[in-house]
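Protein chains in written order, with the UniProt record's numbering: chain A, 1 to 122; chain B, 1 to 99; chain C, 1 to 535; chain D, 1 to 465; chain E, 1 to 551.
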Amino acid sequence: MDYFHGYAVVGLVAVVGVLFVTVAFAAGRLLRPEVPTPEKLLTYECGVDPVGEGWAHTQIRYYVYSYLYVIFAVDAIFLFPWATVFAAPGFGGATLVEMFVFLGFLAVGLLYAWKKGVLEWT
Amino acid sequence: MNPANYLYLAALLFTIGAAGVLIRRNAIVVFMCVELMLNACNLAFVTFSRMHGNLDGQVIAFFTMVVAAAEVVVGLAIIVSIFRSRHSASVDDANLMKL
Amino acid sequence: MADSSFPILTVTAVLPAVGAVATAAVPAARKAAAKYTALLFSLGTLVLALVTLVRFDPNGARYQFTENHVWVKNFGLHYDLGVDGIGAVMVALTALLIPFVMLAGWHDADPLEDRTGPNRRWRPTQGFFALILMVEAMVVLSFEATDVFLFYIFFEAMLIPMYFLIGGFGDRAHAAGEDEAARQRSYAAVKFLLYNLAGGLIMLAAVIGLYAATAKQLGTGTFALQDILNARASGKFDLATSTERWLFLGFFFAFAVKAPLWPLHTWLPNAMGESTAPVAVLITAVVDKVGTFAMLRFCLQLFPDASKWATPVILVLAVISIIYGALLAVGQRDIKRLIAYASVSHFGFIILGIFAMTSQGQSGATLYMVNHGISTAALMLVAGFLISRRGSRLIADFGGVQKVAPLLAGTFLVGGLATLSLPGLAPFVSEFLVLVGTFSRYPALGIVATLGIVLAALYVLVLYQRTMTGPVKAGVEGMSDLKARELVVVAPLIALLLFLGVYPKPVADIVNPSVQHTLSDVNKTDPKPALEAKK
Amino acid sequence: MTALFTGGGQLAATTENLTFFGHDVWWLVVIKAVFCFAFAVVSVLFSIVWERKVVAWMQLRIGPNRHGPWGMLQSLADGVKLMFKEDVVVKRADKFVFIIAPIVATIPAAMAFAVIPFGPADNEISIFGHRTAMQLTDLPIGMLYILATASVGIYGIVLAGWSSGSTYPLLGGLRASAQMISYEIAMGLSFAAVFLYSGSMSTSTIVAAQHDRWYVILLPVSFLVYIATMVGETNRAPFDMPESEGDLVGGFNTEYSSIKFALFMLAEYMNMVTVSAVATIMFLGGWRAPWPVSTFWEGANHGWWPLLWFVVKNQLLMFGFIWLRAAMPRVRYDQLMKLGWKVLIPVSMVWLMLVAAVRAMRNENYDFGRIVLYIGGGVLALLLLSLLVDLFRDREEKSAEKGGPLAPPERFDPMAGGYPVPPLPGQQAERVPRRPSRAQPQLVGANGPSDPDAAETEKTEDGDA
Amino acid sequence: MSASARAASVHSLWTAAPAADKIPAPHIEYAQLSPVLIVFGVAAVGVLVEAFVPRRSRYTAQVGLAVVGLAAAFAALIALAEKGYGTTKAHIAAMGAVAVDGPALFLQGTILLVALVAVFTFAERRLDPMAHGRHVDSFAAQGSAVPGGDQERAAVRAGFTTTEVFPLLMFAVGGMLIFPAANDLLTLFVALEVFSLPLYILCALARRNRLMSQEAAVKYFLLGAFSSAFLLFGIALLYGYAGTVSYSGIASVIDGTAKTTPALASSTQNDALLLIGLAMVTVGLLFKVGAVPFHMWTPDVYQGAPTPVTGFMAAATKVAAFGALLRLLYVVLPGMRWDWRPVMWGVAIVTMVIGAVIAVTQTDVKRLLAYSSIAHAGFILAGVIATDRNGVSSVLFYLAAYSFVTLGAFAVVTLVRDAGGEATHLSRWAGLGRRSPLVAAVFAVFLLAFAGIPLTSGFAGKFAVFQAAAQGGAMPLVIVGVISSAIAAFFYIRVIVLMFFSEPKADGPSVAVPSPLTSTAIAVGVAVTLVLGLAPQYFLDLADKAGVFVR
């Protein structure tokens with residue numbers, strides 16, 4: 001079978017999706033009214049005029065969590081292939097222990113973050 | 001589908017990234033350009049691995065992703081810290097040590 | 001002599017080094033103790049050197065008291081010591097001069113400022129004497145080394161203490177004030193260092209080249225002079241002409257800088273001018289001799305053909321520096337610089353003698369090294385006393401000294417006469433030999449060189465006449481005559497000058513065989529008298 | 001190294017046999033693709049009504065009952081209504097991203113269905129005389145593909161929040177991203193446990209591997225973790241902070257209206273369907289008939305029947321969603337993060353190690369491996385529950401003991417922040433010093449200054465006077 | 001790529017393989033990797049200590065842990081060497097990922113010792129004035145706090161210290177241990193990042209001049225990431241050329257001794273892949289080495305980073321990077337010698353000259369040392385170019401000698417302080433020799449060693465590499481090197497002049513009295529300088545024995 005076939009089919013679904021969206025947008029454009037007023041075009045802040053930047057209320061926490069995520073997400077890169085082939089004959093305790101060591105490192109990282117209070121929201 | 005095309009794309013991306021590093025002034029953007037370069041490398045790796053029919057390239061791509069991730073964490077941490085202390089991420093403002 | 005298992009050469013070299021450490025270790029407050037320690041060690045060294053000289057057998061093996069150990073195998077570096085006649089004499093000269101230098105500079109390094117304040121731990125006296133001893137150790141080692149690399153190491157290492165001596169200690173009174181003096185001092189020191197360092201590093205390149213060559217031809221690279229000479233004698237080692245010439249140039253450049261040969265001499269006047277008289281003596285009478293000595297021992301022996309190839313140029317340069325030095329000496333207004341230029345001219349003579357490639361020339365040159373050492377020492381030290389009394393180095397500031405300080409004037413005169421090599425004083429013999437040696441092969445150059453003597457007479461006598469005779473200048477009256485310490489310094493030197501002047505044989509006997517050896521290395525023989533040469 | 005990796009080369013696809021995919025004729029493929037998309041959309045339309053109905057019943061209301069029988073066309077009507085709404089793009093918005101965001105959110109949500117097996121991977125059914133499988137296609141890395149599309153969907157939300165150039169959407173977007181990334185880790189770990197047993201990432205193979213026992217029995221903890229994470233991933237109650245109308249008006253879609261808003265709704269429900277489908281495939285045996293049925297009825301797993309089982313399971317999970325929404329209050333964001341990072345991730349990590357260990361033992365032919373697995377599983381399940389319980393308790397006591405930011409200051413400041421405020425619980429309003437009533441002036445004289453209390457009163461009086 | 005090849009590759013790529021075949025489980029010789037493993041283990045434990053040990057006892061725990069760990073790793077290393085892994089039993093371990101051979105062991109030993117000394121300088125707490133009654137080290141109280149902000153003040157008041165530096169150091173050391181031993185390009189790259197990332201962070205942690213140090217970190221990071229991207233792309237191209245990333249594999253493909261597959265036949269047709277890839281990889285390594293024209297980061301980073309970190313970086317990074325460079329050039333590319341040697345010649349010459357010349361104009365001690373380190377990189381490159389066993393051993397020796405001198409020099413720099421922390425501007429050093437002759441003398445010794453004055457380790461090393469270069473037929477290189485070291489000597493001497501021959505300023509800096517820690521570091525530096533200068537024989541033999549790469 002062709003290497004690309006599976007993905008071609010997937011692409012087909014995407015195409016269908018695109019079609020759907022376009023149709024929807026087209027229909028909407030045809031049907032909906034267009035009466036813009038300055039008030040409408042204001043961003044919504046509970047009725048009062050918006051003040052300041054949108055970034056006003058963001059904190060550094062989000063960065064920290066994203067850092068953590070990046071580290072933990074990539075472990076999947078190694079975890080999934082390992083998990084897939086692990087059951088196959090030939091892989092004994094050694095690979096198991098090695099993967100445990102790997103997870104152990106991640107766990108150490110998590111513990112450190114935990115103890116440092118990074119995981120405490122607020 | 002000729003794999004060489006992917007190589008051309010990789011080279012192009014890499015060049016764009018390098019150019020960006022050299023001409024952009026915002027540390028974050030520069031850093032994104034670096035990431036672009038790394039991903040260009042990944043593309044090249046995977047393509048080559050397909051051309052040679054062994055998996056080394058793909059595995060290396062994995063490792064590259066991990067390294068890139070670690071780099072992102074460290075780099076963003078540093079950049080954010082300097083941004084907080086001087087409210088600017090422009091590499092031109094970092095000039096305390098020009099003599 | 002080789003029979004004695006006692007490593008006298010090593011001890012001779014190590015003793016001053018130990019002395020240096022000991023001196024440096026003396027607490028800051030105990031200046032006198034430091035001085036005496038240093039003096040003691042230098043005297044001990046002198047004794048050892050004399051023993052070496054006495055027990056040296058002129059008709060014995062070429063190198064005696066040899067010690068051979070491998071130091072760093074991978075570099076082909078051996079700890080090979082050994083002295084031929086020339087070496088023995090030079091070691092003796094060094095060991096002889098150091099005590100006088102110390103005595104002369106007895107108070108030069110006494111700290112001015114009180115011992116409180118931030119500079120509490122600054123201990124110039126200890127430093128001064130320790131450094132002098134350090135220099136002595138290095139110089140002695142480089143006279144004794146029979147391994148090219150070993151020699152190079154000490155040849156280079158010598159610079160550091162020398163540099164500190166020049167830059168760290170200067171005349172008390174300076175026309176332009178203390179800061180200016182310091183500035184000029186460090187300028188002179190840096191100039192000294194850079195010239196010699198550049199020379200040395202060029203030599204390093206040559207040394208490495210030599211190693212590569214030996215490694216290529218002998219399998220294992222070596223620096224042992226003896227091995228190389230034997231290898232060449234047995235034909236196993238034969239440098240390509242171009243290589244040999246490059247290497248020769250590399251070596252000679254370093255030595256020419258050290259023994260200031262025109263046009264590489266310019267550091268000498270600064271160095272001698274800015275440093276105190278004893279240090280100046282150290283430079284010109286001791287350290288620079290290493291350069292000329294190394295020409296004899298290494299340039300000629302390692303690269304005979306290249307030496308012959310280069311001889312004409314070198315001779316011309318030598319003559320130029322004779323005349324040039326003398327001329328500038330005539331023009332000087334500063335006593336020390338005058339003596340410096342005089343030395344430049346004298347070194348011209350020495351190099352002339354060495355490269356004349358005749359036995360008279362070379363033994364003359366060797367003698368010249370000794371005599372010049374002694375005479376310059378005498379003159380310079382006395383000049384030093386003079387200057388420290390008047391607080392100025394300008395000839396114009398002196399006049400009629402002989403009326404107020406006859407003794408000082410007298411010794412100054414003797415030193416000066418020695419410098420212009422008056423018959424009856426030591427330098428005359430050597431200079432005569434050099435000229436004879438030169439005439440027998442290069443008459444023209446000989447004639448030109450003779451002009452040097454005339455000029456020498458000129459600058460010495462003019463100097464004496466301006467400073468010592470005539471009406472007593474303001475500032476000179478009330479100048480005290482030589483003190484006991486100073487007499488102790490000067491008298492022996494003058495005695496030595498007289499003695500060697502009338503009876504140079506003992507030194508000549510020791511030197512001549514070695515000179516013959518050297519010549520045979522260069523496989524040159526003294527030219528036959530003209531008549532037979534025609535046939 | 002080369003040796004190792006090429007060795008791994010044969011490993012890249014272990015046991016799955018996907019050769020029968022991709023042999024369909026083109027129009028069949030097209031039909032299937034359209035079906036996948038249609039399935040997604042239809043089940044969305046259905047489940048919206050379904051949700052509103054169920055919630056209504058749970059709240060003793062009737063719910064939508066106007067459009068169509070039992071109001072079954074309600075959501076369709078909503079869609080049409082949204083079509084007619086004006087589409088506002090606010091001034092501060094970044095136009096391009098603002099428009100692209102809902103599309104980015106929608107299409108990937110639909111794409112996930114490409115690899116969902118509705119039936120066994122055999123030529124089971126016949127369409128217009130062509131026998132084919134009830135699955136569009138399958139990839140050796142099918143699950144990764146699903147994860148990938150899901151995370152691409154997140155971009156839609158984040159971009160929507162960012163491009164609106166307004167505070168609430170931005171906060172919503174940030175919360176959404178933070179929450180989704182936090183829960184994705186645990187999700188991945190629970191997947192890994194499944195892969196350990198299936199030995200493959202292809203959806204069809206995973207289902208096929210559950211022929212004798214569903215993984216929900218084998219891997220209960222993973223199942224629980226996945227259920228938790230899937231709710232978090234889809235921003236559904238009780239984890240619907242990103243669009244909590246309580247504090248952020250509408251969350252990331254505050255500024256959206258008309259068709260774009262409709263697309264977001266569509267995407268959200270599609271995601272629900274997708275994650276339910278994934279749960280079905282990974283833990284509930286996919287298209288397989290449930291246990292009692294499968295015992296006595298052979299044909300249950302053949303023909304068109306699997307589609308039925310699949311849809312049923314799927315909708316049951318959807319019901320779970322709805323139930324959660326109706327039953328549970330919205331958790332605080334810190335609790336949400338805490339659950340994700342301090343409970344789900346550690347638990348699933350430990351669980352994964354346990355499973356791997358047992359698996360290894362089984363490879364070494366230890367027969368008690370399974371027992372260990374059951375025991376460990378039970379233990380861990382309990383552990384998880386207990387953690388969930390005290391998760392909400394220790395928060396309070398912590399804030400109580402070491403006076404966290406929530407603890408009220410000891411002194412009560414009646415004008416805190418410049419406005420008159422009532423005392424918080426645990427605070428004591430100070431007694432406003434008053435002049436004692438004139439009725440008892442002699443009292444002061446009577447017990448005189450000896451009475452400290454009285455003295456106190458006097459002092460305060462003097463202080464005031 | 002022929003159809004059959006494609007089919008084959010496709011098959012191996014992702015179609016089903018018979019499940020029956022036995023999988024070659026990776027087999028790793030843990031015993032032979034023990035030094036690295038110990039270091040990483042200790043690093044992880046350090047993180048745990050950071051998490052669980054109460055604040056007041058962290059410092060002690062961390063320092064003890066680091067010292068013990070490094071010592072243990074070194075012991076393990078010695079054990080390996082004793083077993084003959086350096087010479088007779090040298091081989092490739094861990095599925096071809098890591099080489100256990102002479103150069104690797106030698107360099108790893110050097111790195112470990114350097115790190116041990118560096119730990120001492122990291123742990124120094126007597127130099128800074130006590131903050132709120134507590135001794136503080138030279139690292140920021142709290143790296144995340146905004147400089148000068150309330151948070152930082154609070155952290156200082158609370159006496160926080162960033163004891164994370166020790167685990168970070170250990171991680172960096174671990175990466176450096178792998179770097180010179182890496183035997184395939186992937187390991188090379190990973191190791192590079194593993195030791196770079198902690199360094200980036202360490203650079204940003206200075207207690208004084210935090211803005212400067214953050215800048216240094218950003219510059220270092222951006223440029224470092226840039227260069228490692230180049231390295232990676234180079235690796236990709238080499239892989240594309242050879243179809244493998246293992247050194248020996250690539251080498252055999254270059255020699256043409258590898259068995260040719262159709263893919264290989266097509267990819268080896270054009271050398272562009274090979275040459276460009278080689279160039280890019282070399283660029284990446286030269287950047288770490290700090291060779292011109294990839295040296296721009298050096299002065300800024302050296303100046304901005306906390307001085308102990310600078311010392312560690314300057315010493316250990318060079319060792320590791322040169323080790324990797326050597327292995328790459330000697331194991332992978334001997335067949336390419338005639339292609340890379342001319343380039344290396346150019347780089348070496350430019351590096352020596354520019355490093356020396358620019359250094360003359362510097363007015364800050366740390367920048368001065370930075371440029372001098374650039375110049376030294378040039379000298380070492382001269383030895384690298386020799387491409388024979390002599391070259392390897394000479395470079396090894398030079399690295400060992402140089403690293404300790406550098407460490408000691410920077411340790412001395414930490415001592416000279418005034419109100420604003422370290423007084424690194426040269427003018428402040430005027431007359432130091434009068435105030436505290438000992439410190440000045442020690443620094444002078446280091447400078448002389450840098451300048452390569454005989455009887456110091458610098459001379460021995462310089463002689464070794466130049467001799468190797470000369471024997472390799474690179475005499476011009478030697479001459480350039482000699483000249484530029486003359487230039488370099490000038491500015492070293494200038495500092496000495498400043499210290500000894502100029503009157504001390506009234507408001508001059510004071511020399512802090514260090515704790516035994518820094519004293520030890522400096523003493524070790526002096527000792528190594530003199531020992532390697534006076535009696536280098538043993539170490540030369542060691543380096544010579546170690547001078548063979550396993551392939």
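Glycine included, every Cβ here is placed at the ideal spot set by N, Cα and C. These numbers come from a predicted model, not from an experiment.
Report task. Report, in whole angstroms, the separation of the C-beta atoms of Gln214(E) and Ala204(E), which I expect to be a contact under 8 Å. Result -> For this step, residue 214(E) is matched to residue 214 along the fifth sequence. For this step, residue 204(E) is matched to residue 204 along the fifth sequence. Right, their Cβ atoms sit about 5 Å apart.
Query - Identity of the residue in Leu308(D), Leu266(D), Lys338(D), Ile157(D) nearest Val42(D) by Cα - result: As a position in the fourth sequence, residue 42(D) is number 42, starting the count at 1. Nearest to Val42(D) by alpha-carbon distance, out of Leu308(D), Leu266(D), Lys338(D), Ile157(D), is Leu266(D).
Query raised in the report: Taking all protein chains shown into account, do 16 or more other C-beta atoms lie within 10 angstroms of the C-beta of His372(C), making it buried, or fewer, making it exposed?
Result: Locating residue 372(C) in the third sequence gives position 372, where the first residue counts as 1. Taking all protein chains in view, the Cβ of His372(C) is crowded by 16 or more other Cβ atoms within 10 Å, so the residue is classified as buried.
Query raised in the report: Given Gly415(C), which residues of its chain have a CB within under 7 Å of its CB, disregarding the five upstream and five downstream residues?
Result: Position 415 of the third sequence, counted from the start, is the residue given in the question as residue 415(C). Taken in chain order, the residues that qualify are Ser375, Ala378, Leu379, Val382.
Query raised in the report: If you measure beta-carbon to beta-carbon, which residues of the region 158-170 of chain C are closer than 9 Å to chain E?
Result: Residues of the region 158-170 of chain C that bring their beta carbon within less than 9 Å of a beta carbon in chain E comprise Leu159, Ile160, Tyr163, Phe164, Gly167, Gly168, in sequence order.
Query raised in the report: Which residues bound the beta strand (DSSP E) around Thr244(E)?
Result: Counting from 1 along the fifth sequence, the entry for residue 244(E) is found at position 244. Run containing Thr244(E): none; DSSP gives neither H nor E here.
Query - Identified DSSP bridge partners for Arg359(D) - result: Position 359 of the fourth sequence holds residue 359(D). DSSP output for Arg359(D) lists no bridge partner at all.
Query raised in the report: Can the beta-carbon of Leu232(E) be found less than 9 Å from the beta-carbon of Leu38(B)?
Result: Taking the first residue of the fifth sequence as 1, we reach residue 232(E) at position 232. Taking the first residue of the second sequence as 1, we reach residue 38(B) at position 38. Result yes, Cβ atoms of Leu232(E) and Leu38(B) sit closer than 9 Å.
Query raised in the report: Using a Cβ-Cβ distance under 9 Å, would Ile60(B) count as near chain E?
Result: Counting from 1 along the second sequence, the entry for residue 60(B) is found at position 60. Chain E, which has a Cβ nearer than 9 Å to the Cβ of Ile60(B), makes this yes.
Query raised in the report: Are the C-beta atoms of Val30(B) and some chain A residue less than 9 Å apart?
Result: Along the second sequence, one-based indexing puts residue 30(B) at 30. No - not a single Cβ of chain A is within 9 Å of the one on Val30(B).
Query raised in the report: Among all the DSSP beta bridges, which residues are the ones paired with Arg62(C)?
Result: Here residue 62(C) is taken as the residue at index 62 of the third sequence, counted from 1. Within the DSSP bridge table, the entry for Arg62(C) names no partner.
Query - Inside the region 313-357 of chain C only - alpha helix (DSSP H) runs reaching at least 4 residues - result: Fully enclosed alpha helix (DSSP H) runs of 4 or longer: 335-355.
Query raised in the report: For Ala8(A), which of helix, strand or coil comes out of DSSP?
Result: The residue labelled residue 8(A) in the question sits at position 8 within the first sequence. If DSSP states are grouped into helix, strand and coil, Ala8(A) belongs with the helices.
Query raised in the report: Along the chain, which unbroken stretches of the alpha helix (DSSP H) at least 4 residues long are found entirely within the region 455-512 of chain E?
Result: With a minimum length of 4 residues, the continuous alpha helix (DSSP H) runs that stay inside the region 455-512 of chain E are 457-471, 475-501.
Report task. State the Cα-Cα distance for the pair Asp541(E) and Val526(E), rounded to the nearest angstrom. Result -> Start at 1 with the first residue of the fifth sequence, and residue 541(E) comes out as number 541. Start at 1 with the first residue of the fifth sequence, and residue 526(E) comes out as number 526. If you take the alpha carbons of Asp541(E) and Val526(E), they lie about 21 Å apart.
Query raised in the report: Thr84(A) CB to nearest chain E CB: under 9 Å?
Result: Walking along the first sequence from the start, residue 84(A) turns up at place 84. No - not a single Cβ of chain E is within 9 Å of the one on Thr84(A).
Query raised in the report: Using a beta-carbon distance below 9 Å, is Met272(D) in contact with chain A?
Result: Taking the fourth sequence and counting its residues from 1, one reaches residue 272(D) at position 272. Output row for Met272(D): interface = no.
Query raised in the report: Between Val344(C), Thr10(C), Gly19(C), which lies nearest to Leu268(C) when the distance is taken from Cα to Cα?
Result: Start at 1 with the first residue of the third sequence, and residue 268(C) comes out as number 268. Minimum Cα distance to Leu268(C) is reached at Val344(C).
Query raised in the report: Whose Cβ in chain A lies nearer than 7 Å to the Cβ of Val47(E)?
Result: Taking the first residue of the fifth sequence as position 1, residue 47(E) is located at position 47. Chain A residues near Val47(E): Val108, Tyr112.
Query raised in the report: Along the region 70-84 of chain A, what residues have a CB closer than 9 Å to any CB found in chain D?
Result: Val70, Phe72, Ala73, Asp75, Ala76, Leu79, Phe80, Pro81, Trp82, Ala83, Thr84
Query raised in the report: Looking at Ala208(D) and Ala279(D), is the spacing between their C-beta atoms short of 9 Å?
Result: On the fourth sequence, position 279 is the one that residue 279(D) refers to. On the fourth sequence, position 208 is the one that residue 208(D) refers to. In this structure, Ala208(D) does not lie closer than 9 Å to Ala279(D) by Cβ.
Query raised in the report: Taking just the CA atoms, how far does Lys216(C) sit from Val148(C)?
Result: In the third sequence, the residue the question calls residue 148(C) occupies position 148. In the third sequence, the residue the question calls residue 216(C) occupies position 216. Cα to Cα, Val148(C) sits roughly 17 Å from Lys216(C).
Query raised in the report: Val511(E) and Leu432(E): beta carbons closer than 9 Å?
Result: As a working mapping, residue 511(E) is identified with position 511 in the fifth sequence. As a working mapping, residue 432(E) is identified with position 432 in the fifth sequence. It is a contact, given that the beta carbons lie within the stated cut-off.
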